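Numbering (my numbering), first residue to last: 98 to 828. Structure first, commentary second.
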Amino acid sequence: MTHESDPRTTPDAPKPEPSAEASEAGIESPHGAAAPTESSMAAAPIEGGALVDAPSPRSKHEADPNRRGEFARLGMSGQFFGGAFPSFLRSMALAAGLGAALAATLYFLKLDEAGRGFVMRNAMDKAARMKLIKLMVGSSGAAIAATAVAMLLAAWRKRSVVSVERWLWWFAPIGLLPPLPFCFDYRSWTGRSDHLLYASVFLLLGAEVVFFRMLLHGSDGPKRAAAWLGERIPRLLRRHGWLVAVVIASIAYGAFFSHFSLIAHRSLKTHNFDLSINNNLLYNALYGKFFESPVIFGDNPKNYLAIHVKLGQYLLLPIYAIRPSPETLLVLQSYLVGLTGIPLFLFARRRVPQWLAAIVAIGFLCFPAVHGANFFEMKYPTIAPVFIVATVWAAETRRWVWFTLSAVAAVLIRDDTCVGMAILGTCFALSGYRPKAGFSLAAFGLFAFVFTRGVLMKDKGEWWFPSMYDGLFPPGEKGFGSVFKTLMTNPLYVIVTLIERQKLEFTLHMFLPLAFLPARRAYLWAIFIPGMMFTLLTTGYKPTVSPLFHYSMHWSPYLFLAAPIALGAIARESVKGKLRASAAGLTMALLMAVFTYNFGAFWMRNTTRGGYTRIDFEFTAKDQKRYAQLMELVKMIPADATVSASESVGPHVSTRREMYAIRMKWGKQMGEYVLVSDRELNLERTTERLKEILKVKKSHGLVATRGEFVLMKRGADTSHNAELIRRFKIR
């Protein structure tokens, strides 16, 4: 904002001399001051301020206000054809388009359920279509007439007709309204959500142009009004209001997802893979048994290191110890994801104005890929973003204690997150942005990766993860090493494997809500490497290229860190850069709203999914009865007893030293107690294991049944086994 005392508003004020560096580069700001040169991640932060100053400089085609009577004197000559006449034509075109758009929007809002087929199947009868056309033409005519009257009044009052056009530009976003009734009606895209993805590409292109033109050509009146209102907001609120809003949003996110994650858990929508595993790992750690999981490895629990090394999980141990249960982990996960918004805002506001930083931070909380990951069990990559973002913020602000703590947590959280942190540190070091911190981070991340993979996981056995990349295995070879060989020797083949529809749609899911901002600066592409490694490079494993699983969290924190960097670079690149950055931010807000409505969780529709599971947002009487039946049987099991359980039952009995997933068969892996749901018998080896204990060995007998749930015990009376065999349809 400018003030009367600002030398920029005084025509005769001397212009500040550009710096020697700027002079050598031949760059000057609009007011003669040196414009900052664009660098990569070392670009100077922006401390507050607005990207759109109020009022903006007058458009070059607008008449000087001291010569407002010139149009009336010149009539249809000179100045009219040189400036006013083009403005007149633009105004008529704008009015016609806005009128038609408004009519179409109002018509689409009134469409009934049958009318929703219009956008997908072009289904509209002839009479209705003609009615729509007539409404659009009539509305255009009315808007043109109103604009003509406004121009005549401007001429009669000896004002520039250009002022009418400038006011019209503020209404330009009306042109974006016609598709929005369909964009905000999820039923229009049922079964064909891919169409919404492709349509959103064009919404992105149109919205950013419209917002930019609105800010560039719009009248100064609304800007002055906004400035006037801003000056009357208390200074404390003006300074910290956006931060308060982000903090509230972050806490609200945690409360929302905690509540509905617990409902999902009690509705038996969590599973042995992976909530039972992670709960059992932490519970065993309370007794000094680290990295041991009998859930899937039976009597060889130390073999869990063949799957993952989760050193960072033990950071949660002090809180978990207060109330050891899977529910504690679900609540912790939700709040840690929500709290990511705070360091993200603190980082972003150093690059862009606070309102844009708030769009980025709240956008993360609204990001559908974050919602899908949050509802998918309890996964450590899902909670990693808060530590990743905090590391970057701490480096930005030179808070080295916080940097060290958050970096250690981010690197150690799981063996795959250290890859992303090593790459992030490399970007810092090579760009000159906090090079010492970057080098330290890269070295630590690389060391952690080598140590976990080469020392802790060595000789612990094999797991199926390398098979996710089997399309990249050279003939006769397997394992991650063979994938690296293909990447090094045949990159063209690797590129061909990326060209798949599901991978394209996944990429759109990740980039479109951010208006492709992270991809607009080539120097930011390096931080896409972690996401590409763990998602796009995989072959034949669909969860890695779905926004419903935790794999997307190898993208999310890096994309949202890149967005404010890109916005800041756009703002600095030209005289109109601030306007372009504002337009890009508004476009991101619009697209994020469309995506979170259709794919996110906040609207609490039964179309929301977390991983493989549909999320229901109500705990019905039927669900409550089912949960109560299960818990009756759980209470019959001693706390120190070993238990084998079916998939969705397992998490509710996993807070113990030894709990086994009955679907697996590693070693003995059969507990003293066996608790199953008769709805889960077809999963892997479940029926085979039940046949073994009930029919072959007759080692277990019936204790009790409640609804679909059956509790058995080793050594119990086997007189009811024949009945159980019939119930379980064991042959």
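Ideal placement from N, C-alpha and C gives every residue a C-beta, glycine not left out. The structure displayed is predicted, hence computed values, not measured ones.
Terminal residues of the beta strand (DSSP E) in which residue i lies
i    : result
A758 : M756 to A758
H797 : H797 to R803
M809 : F806 to R811
V740 : V740 to A742
Among the options, the one whose alpha carbon lies nearest that of residue i
i    : options                   : result
F570 : A718, G303, A742 and P588 : P588
D291 : F472, L605 and W253       : L605
L186 : M217, F215, M767 and V261 : V261
A801 : M728, P331 and L277       : M728
T635 : M217, T594 and F613       : T594
A619 : A190, Y477, A666 and P276 : A666
F525 : L553, W490 and E559       : W490
Y724 : E474, V750 and T583       : V750
Y648 : L433, A470 and S358       : A470
Q726 : L772, R706, K794 and L277 : L772
F831 : I624, I480 and A738       : Missing from the structure shown is residue 831; the chain here goes from 98 to 828 and no further.
M217 : A243, W253 and T287       : T287
P423 : L312, D371, A342 and I393 : D371
N376 : R706, M565, E755 and N703 : E755
R448 : A660, R760 and W700       : A660
S200 : G272, K223, W267 and G212 : Note that residue 200 is Ala in the sequence shown here, rather than Ser. The option with the nearest alpha carbon to A200 is G272.
A736 : S743, R753 and W561       : R753
Endpoints, alpha helix (DSSP H) assigned at residue i
i    : result
V750 : Run containing V750: none; DSSP gives neither H nor E here.
S679 : G674 to F696
K639 : Unbroken run through K639: none, as it is neither H nor E.
R310 : S290 to H314
Y856 : Any question about residue 856 goes unanswered here, given that the chain covers just 98 to 828.
V793 : Looking at the DSSP string, V793 is not in any alpha helix (DSSP H), and its letter there is neither H nor E.
K407 : That residue, K407, is in no alpha helix (DSSP H); it is neither H nor E in DSSP.
Y401 : Per DSSP, Y401 belongs to no alpha helix (DSSP H) and is neither H nor E.
R669 : S653 to R669
K829 : Residue coverage of the chain in this structure runs from 98 to 828, which leaves residue 829 outside it and unanswerable.
Buried/exposed call for residue i, threshold 16 Cβ in 10 Å
i    : result
L611 : buried
N818 : buried
L413 : buried
W339 : buried
L402 : buried
D556 : exposed
P748 : buried
L334 : exposed
L74  : One cannot answer for residue 74 here, as it falls past the ends of the chain, which runs 98 to 828.
E715 : exposed
S816 : exposed
A544 : A small correction: the amino acid at residue 544 is Phe; Ala does not occupy that position in the sequence shown. Looking at its Cβ environment, which holds fewer than 16 other Cβ atoms inside 10 Å, F544 is exposed.
V428 : buried
G395 : buried
F806 : buried
V298 : exposed
Residue i (DSSP reduced to helix, strand or coil)
i    : result
G707 : strand
Y384 : coil
L772 : strand
N587 : coil
T425 : helix
H368 : coil
Y530 : coil
L274 : coil
I393 : helix
P331 : coil
L543 : helix
P183 : helix
E602 : helix
S503 : helix
D317 : helix
Q766 : coil
G535 : helix
K255 : coil
S564 : helix
L780 : coil
V149 : Low confidence applies here, because V149 scores a pLDDT of 46, under 50, leaving its location unreliable; read the following figure in that light. Three-state result, V149: coil.
N219 : coil
Check: residue i C-beta below 7 Å from any heavy atom of the ligand NAD
i    : result
L787 : Among the components modelled here there is no ligand, and therefore nothing to report on the ligand NAD.
Discussion item. Within 8 Å, do at least three Cβ pairs link the stretch 486-505 to the stretch 463-471?
Written reply: no
Worksheet item: Between the stretch 510-525 and the stretch 478-487, do three or more beta carbon pairs fall short of 8 Å?
Response: yes
Worksheet item: Is the stretch 324-333 in contact with the stretch 680-695, if contact means three or more CB pairs nearer than 8 Å?
Response: no
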